[in-house]
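Under the numbering used here, the letters of the sequence shown match residues 165 to 461, in that order. Worksheet for the structure shown next.
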Amino acid sequence: FRAFDLQETHAGYHTICRSVYGADKRELPIVDSALGEDGVDIWRDCIDPAVAEDISRRIDHAIVTTTPPNTTVPLNSSFRQDLSALLNGVLSPTRTAIIEAYLGCHFRVVQCQLYRTETSVFPHISFRWHRDMEPMAQLHIMLYLTPSGPDDPTTEFLTLAGTRRMASYGYAFPQFSERIMDLRDAIPDRQPLPKIWRPKLKAGDATVFGAPRILHRGLDGAGGTRDVMLINLLPSLVSWEADIPRFGCDHLFWEFGESNTLQTNPFALTLEPDKRFSGKPVNEWVINADLLPEVFG
Numbered sequence: 165f166r167a168f169d170l171q172e173t174h175a176g177y178h179t180i181c182r183s184v185y186g187a188d189k190r191e192l193p194i195v196d197s198a199l200g201e202d203g204v205d206i207w208r209d210c211i212d213p214a215v216a217e218d219i220s221r222r223i224d225h226a227i228v229t230t231t232p233p234n235t236t237v238p239l240n241s242s243f244r245q246d247l248s249a250l251l252n253g254v255l256s257p258t259r260t261a262i263i264e265a266y267l268g269c270h271f272r273v274v275q276c277q278l279y280r281t282e283t284s285v286f287p288h289i290s291f292r293w294h295r296d297m298e299p300m301a302q303l304h305i306m307l308y309l310t311p312s313g314p315d316d317p318t319t320e321f322l323t324l325a326g327t328r329r330m331a332s333y334g335y336a337f338p339q340f341s342e343r344i345m346d347l348r349d350a351i352p353d354r355q356p357l358p359k360i361w362r363p364k365l366k367a368g369d370a371t372v373f374g375a376p377r378i379l380h381r382g383l384d385g386a387g388g389t390r391d392v393m394l395i396n397l398l399p400s401l402v403s404w405e406a407d408i409p410r411f412g413c414d415h416l417f418w419e420f421g422e423s424n425t426l427q428t429n430p431f432a433l434t435l436e437p438d439k440r441f442s443g444k445p446v447n448e449w450v451i452n453a454d455l456l457p458e459v460f461g
């Protein structure tokens with residue numbers, strides 16, 4: 165697979181994971197989900213609201229210096245352990261089946277991050293419409309630890325259909341400097357605006373979405389605060405539960421120097437912004453928000 169580009173490399177590994185899963189399971193879980201249809205869904209009551217509120221209070225004490233609009237929360241070993249324990253609730257058997265049906269294989273937790281979003285006078289690049297330049301199979305789960313009302317920071321989405329329509333207009337993976345706030349700036353005259361979905365969430369709810377596949381953007385609200393645990397998933401040869409007992413949970417939190425995802429990540433991700441958008445043409449299947457190239461099956 166090293167002869168392929170990064171997207172094809174991950175797609176090749178994803179194909180192997182699907183083959184191994186199919187040989188083991190014989191058939192995929194039969195799940196009718198909005199994730200599979202639209203590329204985004206809401207999961208209600210992933211954790212108890214009281215647990216979510218307790219973590220939010222701990223964030224108040226953990227943050228020493230804020231960096232609005234987004235502040236990554238420093239985590240000691242105890243905090244990391246407590247956050248890792250939430251995975252069993254978020255990735256319940258039913259939700260695990262939804263993800264396995266979406267991917268066609270097992271998955272693993274590749275990264276977790278705890279952060280706070282606040283209203284800020286400084287714009288952030290993630291507040292413009294974008295798709296993440298990541299492996300096409302990568303899923304993001306945003307576990308809300310605070311409610312998301314009209315004035316609170318949140319994330320809004322297009323569906324796969326809306327994203328593909330925007331791609332047909334030429335708006336798929338723009339350079340950071342070319343991201344737009346208003347989708348109308350990329351839509352031809354007299355064409356309707358795609359449906360924009362802004363879910364209302366309570367503490368303990370989550371959104372799950374294919375960040376490389378659907379257009380989305382953050383909103384910093386009008387004075388509110390959002391606390392979120394971000395959980396990133398990638399395909400795997402084994403179930404997500406197998407990684408934690410074997411490797412522990414520290415490797416899930418990248419902001420710490422001792423983190424080493426090489427043990428559980430088959431290929432290094434290219435994360436640097438200057439390398440994400442190198443000027444090379446993006447593959448058509450990626451632009452079209454496909455999970456895999458057609459030739460990979």
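Note that CB positions come from ideal geometry on N, CA and C, so glycine has one too.
From Y185 to D212, what distance separates their C-alpha atoms? For the purposes of this step, residue 185 is taken as residue 21 along the sequence shown, with counting starting at 1. For the purposes of this step, residue 212 is taken as residue 48 along the sequence shown, with counting starting at 1. Distance between the alpha carbons of Y185 and D212 is about 32 Å.
Do T323 and V204 have their CB atoms nearer than 9 Å? On the sequence shown, position 159 is the one that residue 323 refers to. On the sequence shown, position 40 is the one that residue 204 refers to. Yes, Cβ-Cβ distance for T323 and V204 is below 9 Å.
Quick check on the DSSP output: the alpha helix (DSSP H) that includes H288 runs from which residue to which? To locate residue 288, count along the sequence shown from 1; it is residue 124. From DSSP, H288 is part of no alpha helix (DSSP H); its letter is neither H nor E.
By Cβ distance, which residues of its chain are closer than 6 Å to F165, with the 5 residues on each side in sequence left out? For the purposes of this step, residue 165 is taken as the residue at position 1 of the sequence shown. For F165, the predicted structure reports a pLDDT of 48, less than 50, and the residue's modelled location is therefore unreliable. The matter cannot be settled from this model.
Report the option in I194, I305 and T318 whose CA atom is closest to the CA atom of T258. Looking up residue 258 in the sequence shown gives position 94. Checking every option, the nearest Cα to that of T258 belongs to I194.
Answer with buried or exposed for A367, where buried requires no fewer than 16 other C-beta atoms within 10 angstroms of its C-beta. Sequence index remark: in the sequence shown, residue 367 carries index 203 (1-based). By the 10 Å Cβ count, A367 comes out buried.
Quick one: give me the first and last residue of the alpha helix (DSSP H) that R221 is part of. Counting from one through the sequence shown, the residue named residue 221 turns up at place 57. First-last of the alpha helix (DSSP H) with R221: P213 to A226.
Taking the beta strand (DSSP E) that Y308 falls in, what are its first and last residues? The residue you call residue 308 lines up with position 144 of the sequence shown. Taken as a continuous stretch (DSSP letters only), the beta strand (DSSP E) holding Y308 covers L303 to Y308.
DSSP three-state assignment for R390, whether helix, strand or coil: The residue given as residue 390 occupies position 226 in the sequence shown. Reduced to three states, the DSSP call for R390 is strand.
Looking at the unbroken alpha helix (DSSP H) that takes in L322, where does it start and where does it end? Here residue 322 refers to the residue found at position 158 when the sequence shown is read from its first residue. Where L322 is concerned, there is no enclosing alpha helix (DSSP H), given that its DSSP letter is neither H nor E.
Given that a residue counts as buried once 16 or more other Cβ atoms are within 10 Å of its Cβ, and exposed if not, what is L342? Within the sequence shown, the letter at position 178 stands for residue 342. Checking the sequence shown, residue 342 turns out to be Glu, not Leu. By the 10 Å Cβ count, E342 comes out exposed.
I need the straight-line Cα distance from R208 to I408, nearest angstrom please. For this step, residue 208 is matched to residue 44 along the sequence shown. For this step, residue 408 is matched to residue 244 along the sequence shown. Taking the straight line joining both Cα atoms gives about 24 Å.
Flag this pair as touching only if the region 326-341 and the region 268-279 have three or more C-beta atom pairs under 8 Å; answer yes or no. no
How should S400 be labelled, buried or exposed, when 16 other C-beta atoms within 10 angstroms of its C-beta is the threshold for buried? Looking up residue 400 in the sequence shown gives position 236. S400 comes out buried.
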